[in-house]
Amino acid sequence: MAGLSNGGLLYHEIQESKLCAVHCVNTVLQGPFFSELDLAALASDLDQRERQMMLEGASLGGASSGDFYSDVSHNVSMGGDFSIQVLQKALEIWDLEVIPLNSPVAEQSQFVPELENAFICHLHDHWFCIRKVNGEWYNFNSLLPAPEHLSQFYLSAYIDSLKDSGWSIFLVKGNFPKECPILPDSSTVFGQWLTPEDAHIIAKTFNQKKISTGGSTSLELGSIADDEEEDLKAAIQASLVDSTGLQTISDTVEDGRTTPQSSSISSKPDAPNLVANLTDVHPRDTETGEPNKDVHNVTKAPETE
């Protein structure tokens, strides 16, 4: 199937702790491009820039500078919820632009969304993406065990229903990575690669079980273990205290090794660090909770659509 991205496979991440923003960004890019520590580093950088701007404004006669200096992050909560600015910065590294769907710039996309490639959806503390892969639309919500196929006819109605329910919708535009670059020494993948056929079977089984159990599933956000949340809070807190020690997305790959570069996010790296600092390289089986090692690795060189 020549010309299909990632060999025709779909990349999906199942909810881990409260990392839906990480899952959202990675499914937009269709590969394990970012970890939670990568996004935390971006959040820390944004916080520092915002504080600096506020302090500069205060020096010109605004409020007291002490009103702006705080250890509280405005871009990531201790529960792991990231701001839209963090997601924008992450996707900007890959030359992708995030635009509110209600913006005049995105007016056409409100009426013919099928002409686009991806949308980001947010409500309260949950993020997920709707993405077109190889000409077909899928719902990559991390609360689902597999991508859910959406027909072009249903796509517009689904987006409208989300807006009516209070969801914020963002359009993602630009040159999406066509292949997921895998590090030469990588033997595992964070998430799972599925054929469209396998995704359909998993989604169908999940929906049937959901109906039989009255809508209750093991992937509800409320079922996340407290110890996982505490581990996540500790990791984010550590990254916000000192993000300089992180191996972040500014790493590049040389001769099969990752080589740290500048920690600045102002320049685009050759290839982000895909597997460093991952908390669990395999998605959890929705029935047993055990790691699911039935994944497919993609080894083609990165291209752009």
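Heads up: the sequence shown begins at 1 in UniProt numbering, then just goes up one per residue.
A virtual CB, placed ideally from N, CA and C, is assigned to each residue, including glycine.
In this text the structure is predicted, and so the values were computed from the model without any measurement.
- Under the three-state reduction of DSSP output, Val98 falls in the strand class.
- Contact between Leu101 and Cys24 does not hold, since the beta-carbon distance rounds to 15 Å and is not under 8 Å.
- Here the region 27-35 makes contact with the region 122-132; the two share three or more CB pairs at distances below 8 Å.
- By the C-beta criterion, the region 198-207 is judged to be in contact with the region 131-147, since at least 3 inter-stretch pairs fall below 8 Å.
- When Cβ pairs closer than 8 Å are counted between the two stretches, the region 92-106 is seen not to touch the region 2-20, the count staying below three.
- In this structure Gln192 is buried. Its beta-carbon is surrounded by 16 or more other beta-carbon atoms within 10 angstroms.
- The C-beta distance from Pro196 to Gly31 rounds to 17 Å, too long to meet the 8 Å contact threshold.
- Membership of His122 in the beta strand (DSSP E) is indicated by the continuous run Ala118 to Leu123.
- Remark: fewer than three beta-carbon pairs, one from each stretch, lie closer than 8 Å, so the region 11-21 and the region 158-169 are not flagged as touching.
- Assignment of beta-bridge partners to Gln192 by DSSP yields His12.
- When the five nearest sequence neighbours on each side are left out, the beta carbons in the same chain lying within less than 6 Å of the beta carbon of Asp81 are those of Asp125, in order along the chain.
- From the listed residues Gly214, Ile169, Ser212 and Asp38, the smallest Cα separation to Phe119 is found for Ile169.
- By the CB criterion at 7 Å, Trp137 and Leu115 fall outside the cutoff.
- Relative to the Cα of Phe153, the nearest Cα in the group Phe111, Leu37, Phe34 and Ile211 belongs to Phe111.
- Lys132: member of the beta strand (DSSP E) spanning His126 to Val133, first to last residue.
- For Ser156, there is no enclosing beta strand (DSSP E); the enclosing alpha helix (DSSP H) has its first and last residue at Gln152 to Asp164.
- In this structure, Val98 lies near Val172, with their beta-carbon atoms less than 7 Å apart.
- Nearest C-alpha to Leu19 among Lys210, Arg49 and Asp38: Asp38.
- By the C-beta density criterion, Ile201 is exposed, having fewer than 16 other C-beta atoms within 10 angstroms.
- Here DSSP, grouped into helix, strand and coil, assigns Val112 to coil.
- Listed as beta-bridge partners of Pro147 by DSSP are no residues whatsoever.
- According to DSSP, Trp167 shares a beta bridge with no other residue.
- In summary, Ser151 is exposed, with fewer than 16 beta-carbon neighbours lying within 10 Å of its beta-carbon over all protein chains present.
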